[in-house]
Structure formats: structure tokens, C-alpha cells
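S.K.: Below you'll find the structure I mean.
There are 2 protein chains.
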Amino acid sequence: MAISFAEENYLKIIYRLSESTSDDISTNAIAELTQNKAASVTDMLRKMSEKGWVNYQKYQGVRLSEAGEKIALDIVRKHRLWEVFLVNKMGFNWDEVHEIAEQLEHIESEVLIDKLDAFLDYPRTDPHGDPIPNKKGELPQLGYIPLANMPMGKAGKLVGVAQDSAVFLQLLTKLNLKLGANLEITEINAFDLSVSLRIDGNPPVLISHEVAKNVLIKR
Amino acid sequence: MAISFAEENYLKIIYRLSESTSDDISTNAIAELTQNKAASVTDMLRKMSEKGWVNYQKYQGVRLSEAGEKIALDIVRKHRLWEVFLVNKMGFNWDEVHEIAEQLEHIESEVLIDKLDAFLDYPRTDPHGDPIPNKKGELPQLGYIPLANMPMGKAGKLVGVAQDSAVFLQLLTKLNLKLGANLEITEINAFDLSVSLRIDGNPPVLISHEVAKNVLIKR
DNA sequence: AATAATTTTTAGTCTAGTCTAAAAATTTTA
DNA sequence: TAAAATTTTTAGACTAGACTAAAAATTATT
């Protein structure tokens, strides 16, 4: 079944929202990320539900179906591989590549993506540390994930960092974030994706999304 | 002024048609290449004329304006650079890359194209021997062009070939196409782009587009 | 030059994807 | 738990870009 750019975007965004919660995804949340109005989202959800890509009940939010998740993972795979290309081969900084990858992820050619994957030496994560699904849609078992990708309420152990700039490591020290620390996310703020974090059972402290992305944890 | 995929495609196709004639381009010719109906083309030409990208007079055909040609050359530049990438870096054959490049040519990022250009070592031609415009929209002076790119009625001298497979060179010999031969195109068949060619003043013989693309001439 | 054939344009329709305004359902608050 | 606030949906409208059918203009043919 043919799929449009718009549909691909909706699926990708529902996937992204699903990554950080196990609840159903709300119309408003999708509207914000797609930059559309809620009414437009409702309409699209109805259509995608008919195509079998999402499970959608009026007023109850939405969830990807298995078929929808497969498509979403394929788009995520393309997005992240292109990001690796842009950073490793084209010399972009990791903070410059998102918009371009948003365009490249819609290029349709399985062969191209396989060749790109090989050309990049089969990377397991993108420049931001996010895992790259394989062509079957399976996420690599990394043994760790960025703290930023851990769902709310879950706990894990700090096992590494994705960056080793001096300023970053100094900040970790100041926050009392050491290797082996037990971490639990108590809140994720939608506005800036900053995270309230309980460290070794102490009262939660606030850390930025930027920091959370570079802290690697094992569940 | 924002430009859509559809508009970019029309401009590119009008440019391509202009390359092999100095006449105004007909609605039907555009319809065939865009795979649209003539009525749709008329409509689009009217709109693009209002935006100043083409000079269009009802029933009289169309021609790119200076602004339109600038845009078209930019798309052609992107298309051809991506083709080089696909062949030289991704290992595609030169006959497999067109459809993918048709998609990639619409990616919007000047910086990316500049970096790609550098990454590819500033190629002057694409894998088919077609010249790659620079970022100002200027075509490189190659000193030669593929015979397939020579306008009808013009003459030139055979100065080289773009391929040296045995079968190709044997065919040239059979056709009496030698270095230094004086060539004049007497007809281009729209159906298969095959070319009627007068060699050293002899009666014209027919050669395929495939051959014409690999024969290099100096005007 | 008149007629026939072809090309191009006009007029009206359709779909995808968006929007606004208002109605309906759900959630929060007092 | 009733009222208020918020979220979501419905209904109807709009635009870009396509289409078909018929009319108009151009080109080719007797």
C-alpha cells in the first residue's frame, strides 16, 4: 500500500511519542509535533486507522499497530542512517543534521539504504546515541540506552557517557552523577524535555535533555 | 518564494527539453515527460508564468525565464551530483541511479550540496558524461560534449569516447566513426532519442541514444 | 482556401491534506 | 458530583495539483 510523506510523518511522530511512554498517544501531542491543528490530526488518525497502521478509538488516543510500527521503524532507520552519513561523511555537527535527515528519511529505495548502511560500516547508533533499527525493524541490543530514552518511572544504573568533553564531565560530578549510580526518572517536562531525576534514592534534581542524552544507563 | 516538488519537476523538464532545441517547448512534450495530461500542464504553466519562472503565451509554447533557468540549473546540479554519489560512493551502476536521483534532487540544503560537491571532489560531469552546473548555475566548459547533447542541425568533430568497452568501440568502427570525423545531427527521434547522423558529409545513418551519449564531440 | 486533424485551453470535478468554528466528550476543580 | 475547563471530534471550507470532456485555436491536408 502506497504511503505519503504526511502519513510517514504521522507514523514517525507517534513512534517517537510512544518511546517515552506506555500510554496511548493523545491527539494534541501529535498536533504539537506535526505542527498541525488537532482537527487535522483526528482526521488523519481516522484514515490511518482504516489502513490498519494504528489502533485508534475516538477520544481514547492512539497506538501504533504492528504494521504501523514496522513502517515507523523503517523511517527511523533511514533517518538515523542518514544522520550518521551527514556527520561522519559530510562533516556536519550533530546538532545540524536533523532537518536534513527529516527530508532524506522519505527517500524510497531499499537498495540505497542497504548500501548506505554498508558504506557507513553498519553503525548501531546515530550521532546522538540513538539505536538504529536493522532492516527487519529490530533495535540492536546495546546493553545501554541514553537516559533521555528511558521511560518515566523506570530505574537504571549509570554505565557510561556518550561524550567526554571536560565541561560535560565536570557537570556530572557537580550533579553527583557517577558510574554505578542508581537513576530513576520521576518526571519529563514536555516543554524542553528536561528530566527530574532521583539519584540513589535522594530527592529528585532537574537535568536538561542535553545532559540526559549523554548519560548512558543499563535497565 | 517557496517552490513545490511539482513545480521543480516542471522546471527541470522544461530545461531538459530546451537543451535539445531552441524552439519554444510545447504543452504536449511537457505532458509526456511529466506523465500528466496536457490540461494539467496548461494550468501549471499559467501559474508558473505568474510567478515569473517561465515566459508563456497561450498556444505558443513556453520558455524558461532567467529566474526559471536558475532554479532548473540548481535542480540539475543536485540531480547530477547525487548521481555521482550513487555511482562512485554507493556502488550503483550508472543505469540504476536515475529514479533515486529524481528523489534526492528535491532535498533542500545548500550547505549539504556544497559539502557533497567537495566530498565527491568537485566532479565536472555526472556518470553519463553530462556537465554539472556550478553553484552559480554556470556549466563547466568541458571542451567537449556527448553527441547526445548536441542540438539538431549543429556540427562538431569527434574528439573522444566516454567508454572503452570492446563491444562499443567495435560498433564505432563498423559505423565508420573515427576520431576527427565531422558529425552533423540531421534528426532526433523523440520516441527513443535515436539520432540520424551525417558523418563526413555522407548520407545520414541512424545511431542509438546509447551510442550518442558515449561519443564525445567538440563544437 | 476550406476542411480535417491535431494541439491546446477552458470549465468543471476530484482527492489529499490542511484549516476554522462549533459541538461533544472527557477531565479537572471547586 | 455539578460546573468549569480542556481536549477531541464533527462539519464545512479551502488550496494544490491532478483529472475528463468539450470548446477553441493552430497546423496539416486536400
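Just so you know, the protein sequences line up as chains W and Z, in that order. Residue numbering for the first sequence follows our numbering, beginning at 22 and increasing consecutively. Residue numbering for the second sequence follows our numbering, beginning at 22 and increasing consecutively. Beta carbons: idealized from backbone N, C-alpha and C, even for Gly. Given the structure is predicted, the values throughout are model-derived calculations rather than measurements.
#1: So for residue 176 of chain W, helix, strand or coil by DSSP?
#2: Where does residue 42 of chain Z fall in DSSP's three states?
#3: Return the chain-ordered ranges of every alpha helix (DSSP H) run that is complete within the region 177 to 210 of chain W and spans a minimum of 4 residues.
#4: When DSSP labels each residue in this structure, what does residue 77 of chain Z get in the three-state scheme?
#5: Distance, Cα to Cα, residue 66 of chain Z vs residue 170 of chain Z?
#6: Nearest chain Z C-beta to residue 158 of chain W closer than 8 Å, yes or no?
#7: According to DSSP, is residue 141 of chain W helix, strand or coil?
#8: Measure from the C-beta of residue 81 of chain Z to each C-beta in chain W and report whether the shortest distance is under 8 Å.
#9: Since residue 110 of chain Z meets chain W, which of its residues come closer than 8 Å, beta carbon to beta carbon?
#10: May I ask you to report which of helix, strand or coil DSSP gives residue 67 of chain Z?
#11: Could you give the first and the last residue of the continuous beta strand (DSSP E) run that contains residue 237 of chain W?
#12: Using a beta-carbon distance below 8 Å, is residue 137 of chain Z in contact with chain W?
#13: Since residue 124 of chain Z meets chain W, which of its residues come closer than 7 Å, beta carbon to beta carbon?
#14: Using a C-beta cutoff of 8 Å, does residue 102 of chain W count as contacting chain Z?
#15: How about residue 234 of chain W and residue 149 of chain W: are their beta carbons less than 8 Å apart?
#16: What span of residues does the alpha helix (DSSP H) with residue 102 of chain Z cover, start to end?
#17: Return the CA-CA distance between residue 86 of chain W and residue 137 of chain Z, expressed in angstroms with no decimal places.
#18: Check whether the Cβ atoms of residue 181 of chain Z and residue 204 of chain Z sit closer than 8 Å, and answer yes or no.
#19: Can you tell me the Cα-Cα spacing of residue 133 of chain W and residue 126 of chain Z, whole angstroms?
#20: Beta-carbon within less than 6 Å of residue 168 of chain W's beta-carbon, same chain only, minus the 5 sequence neighbours each way: which residues are those?
#21: At 9 Å on the CB atoms, spell out the chain Z contacts of residue 121 of chain W, in chain order.
#22: In this structure, how does DSSP classify residue 168 of chain Z when only helix, strand and coil are distinguished?
#23: Is DSSP giving residue 226 of chain Z helix, strand or coil here?
#24: With distance defined between alpha-carbon atoms, name the residue in W:202, W:193, W:221 nearest to residue 15 of chain W.
#25: Near residue 8 of chain W, what residues of its chain come up, given a Cβ to Cβ distance below 6 Å and the 5 sequence neighbours on each side ignored?
#26: Take residue 95 of chain Z as the anchor and find which of Z:216, Z:199, Z:152, Z:164 has the nearest alpha-carbon.
#27: By the DSSP assignment, the beta strand (DSSP E) with residue 218 of chain Z in it spans what residues?
#28: Would you decide whether residue 154 of chain W is buried or exposed? Buried here means 16 or more other CB atoms lie within 10 Å of its CB.
#29: On a Cα-Cα basis, can you pick out the residue from W:146, W:50, W:90 that is closest to residue 82 of chain W?
#30: Is residue 62 of chain Z helix, strand or coil by DSSP?
#31: Roughly how many angstroms lie between the CA atoms of residue 195 of chain W and residue 206 of chain W, to the nearest whole one?
#32: I think residue 36 of chain Z touches residue 118 of chain Z, with their Cβ atoms under 8 Å apart; what is that distance to the nearest whole Å?
#33: Could you name the residues of the same chain whose beta carbon sits closer than 6 Å to that of residue 184 of chain Z, not counting the 5 residues immediately before and after it, in chain order?
M.R.: Checking against the coordinates, here is how it stands:
#1: Residue 176 of chain W falls in the strand class under three-state DSSP.
#2: Residue 42 of chain Z: coil per DSSP, three-state reduction.
#3: 187 to 196, all fully within the region 177 to 210 of chain W.
#4: DSSP places residue 77 of chain Z in strand when its eight states are reduced to three.
#5: Between residue 66 of chain Z and residue 170 of chain Z, the C-alpha separation is close to 25 Å.
#6: Not one chain Z Cβ lies under 8 Å of residue 158 of chain W.
#7: Assigned with DSSP and collapsed to three states, residue 141 of chain W falls in coil, not helix or strand.
#8: With 8 Å as the cut-off, residue 81 of chain Z does not count as an interface residue toward chain W.
#9: Those are 140, listed as they occur along chain W.
#10: Helix at residue 67 of chain Z.
#11: Judged by DSSP secondary structure, residue 237 of chain W falls within the beta strand (DSSP E) whose first and last residues are 236 to 239.
#12: Yes - at least one Cβ of chain W is within 8 Å of the one on residue 137 of chain Z.
#13: What residue 124 of chain Z touches in chain W: 128, 129.
#14: By this cut-off, residue 102 of chain W is not an interface position.
#15: Pairing residue 234 of chain W with residue 149 of chain W gives a Cβ-Cβ distance under 8 Å.
#16: Its alpha helix (DSSP H) spans residues 87 to 105.
#17: In a straight line, the C-alpha of residue 86 of chain W is about 38 Å away from that of residue 137 of chain Z.
#18: No; because the gap between Cβ atoms is not below 8 Å, this pair is not in contact.
#19: Between the alpha carbons of residue 133 of chain W and residue 126 of chain Z lies a gap of roughly 15 Å.
#20: Hits under 6 Å: 233, 236, 238.
#21: Taking a Cβ-Cβ threshold of 9 Å, the residues of chain Z close to residue 121 of chain W are 128, 129, 130, 132, 133, in chain order.
#22: It is helical.
#23: Correct three-state label for residue 226 of chain Z: strand.
#24: Only positions 22 to 240 of chain W appear in the structure, and residue 15 of chain W is not among them; the question remains open.
#25: Chain W is shown only over 22 to 240; residue 8 of chain W falls outside these bounds and no answer can be derived.
#26: Ranking the options by Cα distance to residue 95 of chain Z, first place goes to Z:152.
#27: Note, residue 218 of chain Z: beta strand (DSSP E), 216 to 220.
#28: Around the beta-carbon of residue 154 of chain W, 16 or more other beta-carbon atoms lie within 10 Å, marking it buried.
#29: Looking at the Cα atoms, W:50 is the closest of the given residues.
#30: Residue state, collapsed to three classes: helix.
#31: Straight-line Cα distance between these residues: approximately 19 Å.
#32: At roughly 19 Å, the Cβ-Cβ gap does not stay under 8 Å, so residue 36 of chain Z and residue 118 of chain Z are not in contact.
#33: Non-local C-beta neighbours of residue 184 of chain Z in its own chain, meaning closer than 6 Å and more than five positions away in sequence, comprise 235, ordered along the chain.
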